[in-house]
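Chains as they are written, first to last, in our numbering: chain A, 15 to 188; chain B, 5 to 438; chain C, 2 to 317. For every residue, glycine included, the Cβ atom is placed at its ideal position computed from N, Cα and C. Okay, so here's the structure we're looking at.
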């Protein structure tokens, strides 16, 4: 049941642009930078950010996709989950930015960090998140944050992106 | 036991007649037919449309596992099982440990049986020493000690021994019973060779294993003109030889187990060891044609091939578990339920196949209800249904292929030579169980 | 969804496609420097082989370990079984060590089904007598789909001792689910005419004819150590009339070649063909790893079912 619409298409776009500039401000060596998008919407967000980098700054950032299903800590409490593709080759000495749409308990990101270490020893790992909805169960926070949206545990935050949902918006459901 | 009145009960006789009759059973087990009676003379009156009295059945093929395999069955459990099945006379096969291939063992069996058995058990002697098919056993001596016939059952009789034995039995007009299987063709097979064995890649026994042996046996019976009985037929392809043998007046007789008339490889689970038997259950058509052959007089006898094994043996996987399934207690109920109740045959047919023909072929008495004689009969009730479950069996082997099935026609009481050798707890309630 | 992988006969096509999808993901893992993901971390897999095997067992072992599981291999000689310990007792004993999965190979058909009664572990049939070898069929179909995309209407020929082959049977049941047209070829003792009606396949006793009508050939090993030897006079005759070599493929040079291994080079298949461009034999091995990983994931990588109940019924 829809409770509220937090962001519309333009607002999402403005946020992504701002995040791109935050990254730009924080990094000097863009060859070493690697955006790792988490399936599903993290992948699309990471591609959008790379595109903004290209259009605004002419810098070509490398992006890759990571399926963290094998690293989930709750596999055995759920029905079988279909796996998605992972095209990470190596994270050795790379400066990684994990990209995901919603940060909640932090467990997904913990899994992503573990996965990233399985591909090599990264130089650094940062986290880019579109919406932080609170309720952390692990000591994990975003380096680059779109918006903080406090929610109750009964609510759910849905990020919808054109690539898969035909619309760009962020809504809260109850 | 005080006097019991059986009032106007339908009884069947070995001359294939049937009539309603009243008789009394006294404390010594004597039967007296009555034209009139005063109910007050009797402790209990048995009356009802549905009760049927039958002659005692003869099972010409069982394995009582004595001597040496008493963990599977012994004379007491085996004879009680037979009694429960309405069987008054049974033949037991010699493939025991040791094999019954000499007069001493026949003698031992005959005495053990007389001491411990509820009904009459006849030992079948082995045709060859240790059933190895190399040397003849002392058939004359064994016959004198009480062997009813000779067989290497469990395995086929070798050609060499079979011919010699057929000629030797002329001395005393004896009967050879052969287990028709060509060991080379059956070689390690577990189930019938057909669609299922091909689908699951299982070693199988082609029907020709039996047919080839039946052809051989009939040819030798023809040459020697001796008495030959073919055990547990399983395939319709064996029938043509027997039909011609009978037309030509040869002394060739044969039997089918009740199970081979009811089960085929498609209506059972071939991996359930309760259904693992040799010869295997073959095709539906075999079932039908064997039954027709019984009706046409080409096949003479129905038996059980009662082959009990221990629980440990039957719970092995199907490739390791020994062949054989129990059958004494269910044979009549199965025939009654599957055939008489479905009008495929009548009680007179069953009497032919399990009372009259065994008596004719093996020269043994017929035990049935007779005036001024010791009681010999069993009684059952039409329409009384029983759920077959392990607790009902007297046999040491409870793994009947009929488990969890509902059958009609189980005997409610069986009398042998005046003694009540079996009684259902809900029948003749005034009479204490044995 | 299946709890055990015992046969391909009863597999649902959708489940098979799921297994294939995940297998593609697992192929990616095999190309990484760190060939390990923790998806089955902490799971115990026992491989219990009553019949010797190196390749299949190693394939399952590597698959399990790549997924982070602990894999323990047991070779149980058949003679010790005859000495008294029944399969039932072996399984009850193993089950007491609480494995999550048992991979079993045995020389008697349907034993894997039988042992489901004595353990709560998920059972994978790695070959039971001449009955089935489902993981092989899955990797074979997966390999064919990699090349053809879709198997509907594709003509797949299985060449060799079909009578005694569990690989053949599992493949036939599975390929037909995909709508492939299956043919069998070999001497009439090993490829019985009854197969045609009973299994709805084409039976050829002439190799040239069979090849002309095929898009792919699965070449079976002539199993000298098994029953085949009783049904053919000798391997030389078999090789002359049913051995696959380049000459035989002249009129159908694009046909794909597969073999479950191990190969008898020069007997059922020539080196030229085995090492040729159309041979997918190495691919089959790699795909085998990915498929077996996917099978483990399919059976183990989710919430456990309540299998404990049925086990209690068997223990008084």
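Enumerate, from N- to C-terminal direction, the unbroken alpha helix (DSSP H) stretches of 4 or more residues contained entirely within the segment 329-375 of chain B.
-> Within the segment 329-375 of chain B, the complete alpha helix (DSSP H) runs of at least 4 residues fall at 335-339, 351-355 and 361-366.
When you compare each of A:179, A:181, A:170 and A:174 to residue 9 of chain A by their alpha carbons, which one comes out closest?
-> No answer is possible for residue 9 of chain A: the residues shown for chain A start at 15 and end at 188.
Residue from B:164, B:356, B:42 and B:86 with nearest C-alpha to residue 417 of chain B | Proximity to residue 417 of chain B across B:164, B:356, B:42 and B:86 peaks at B:86, based on C-alpha coordinates.
Of the listed residues C:220, C:211 and C:184, nearest to residue 203 of chain C (C-alpha basis) = C:184
Would you mind working out which of C:62, C:211, C:261 and C:224 sits nearest residue 250 of chain C, comparing C-alpha positions?
-> Out of C:62, C:211, C:261 and C:224, C:211 has the C-alpha closest to the C-alpha of residue 250 of chain C.
Burial state of residue 181 of chain A (16 or more Cβ within 10 Å) = Residue 181 of chain A counts as exposed, since fewer than 16 other C-beta atoms from the protein chains shown sit within 10 angstroms of its C-beta.
Contiguous beta strand (DSSP E) assignments of at least 3 residues, all confined to the segment 90-122 of chain A | 109-117
Beta-carbon proximity of residue 209 of chain B to residue 284 of chain B, cut-off 7 Å = yes
Mind pulling the chain A residues with CB within less than 8 Å of residue 29 of chain C?
-> 99, 100 and 101
Terminal residues of the continuous beta strand (DSSP E) containing residue 93 of chain B?
-> 91-96
Three-state secondary structure assigned by DSSP to residue 31 of chain A = helix
Going by beta carbon distance, what residues of the same chain come within less than 7 Å of residue 118 of chain A, once the five residues before and after it are set aside?
-> Same-chain partners within the cutoff: 147 and 149.
Taking Cβ-Cβ distances shorter than 7 Å, what residues in chain C pair up with residue 289 of chain B?
-> Within 7 Å Cβ-Cβ: nothing; residue 289 of chain B doesn't reach chain C, min ~16 Å.
Outcome for residue 241 of chain C when other beta-carbon atoms lying within 10 angstroms are tallied against a minimum of 16 = exposed
Smallest Cα separation from residue 156 of chain C: which of C:28, C:219, C:70 and C:89?
-> C:219
Would you say residue 317 of chain C reaches chain B, if we count a Cβ-Cβ gap shorter than 7 Å as a contact?
-> Annotation note: pLDDT 36 at residue 317 of chain C (below 50); position unreliable, no value reported.
Identify, in the order they occur along the chain, each residue of the same chain with its Cβ nearer than 7 Å to the Cβ of residue 270 of chain B, setting aside the five sequence neighbours on each side.
-> 288
If you run the structure through DSSP and keep just helix, strand and coil, what is residue 144 of chain B?
-> DSSP places residue 144 of chain B within a helical segment (H, G or I) once states are collapsed to three.
Could you tell me the distance, in whole angstroms, from the CA atom of residue 280 of chain C to the CA atom of residue 217 of chain C?
-> 10 Å
At which residues does the beta strand (DSSP E) containing residue 418 of chain B begin and terminate?
-> 415-420
By Cβ distance below 8 Å, which residues in the same chain neighbour residue 266 of chain B in space, the five residues on each side in sequence not counted?
-> 291, 338 and 342
Sub-7 Å separation of residue 398 of chain B and residue 88 of chain B beta-carbons | yes
Span separating the alpha-carbon of residue 12 of chain C from that of residue 170 of chain C | Put simply, the backbone Cα of residue 12 of chain C is about 14 Å away from that of residue 170 of chain C.
Taking Cβ-Cβ distances shorter than 7 Å, what residues in chain C pair up with residue 126 of chain A?
-> By Cβ distance, chain C contributes nothing, its closest Cβ being about 13 Å from residue 126 of chain A, past 7 Å.
Note down, in chain order, each residue of its chain lying with its Cβ closer than 6 Å to the Cβ of residue 153 of chain B, except the 5 sequence neighbours on either side.
-> 128, 179 and 181
Ends of the beta strand (DSSP E) at residue 29 of chain C?
-> Unbroken run through residue 29 of chain C is the alpha helix (DSSP H), 14-31; no beta strand (DSSP E).
Apart from the five residues on each side of it in sequence, which residues of its chain come closer than 8 Å, Cβ to Cβ, to residue 214 of chain B?
-> 184, 185, 186, 237, 238, 239, 241, 242 and 283
Please name the residue or residues paired with residue 220 of chain C in a DSSP beta bridge.
-> C:160
Contacts that residue 126 of chain C makes with chain B (C-beta to C-beta distance below 9 Å) = Per Cβ cutoff of 9 Å: no residues; residue 126 of chain C is ~12 Å from chain B at best.
If you measure from the beta carbon of residue 112 of chain C to each beta carbon in chain B, is any gap under 7 Å?
-> yes
Between which two residues does the alpha helix (DSSP H) carrying residue 205 of chain B extend?
-> Where residue 205 of chain B is concerned, there is no enclosing alpha helix (DSSP H), given that its DSSP letter is neither H nor E.
For residue 138 of chain A, the residue or residues it bridges with in DSSP | A:109
In or out: residue 220 of chain B buried (at least 16 other Cβ within 10 Å) or exposed?
-> buried
CB contact check: residue 49 of chain B to chain C, cutoff 7 Å = no
Short-range partners of chain C found in the segment 312-334 of chain B, where Cβ spacing is below 9 Å | Answer set for the segment 312-334 of chain B: 316, 319, 320, 321, 322, 323 and 324.
Among B:73, B:177, B:406 and B:392, which has the Cα closest to the Cα of residue 365 of chain B?
-> B:177
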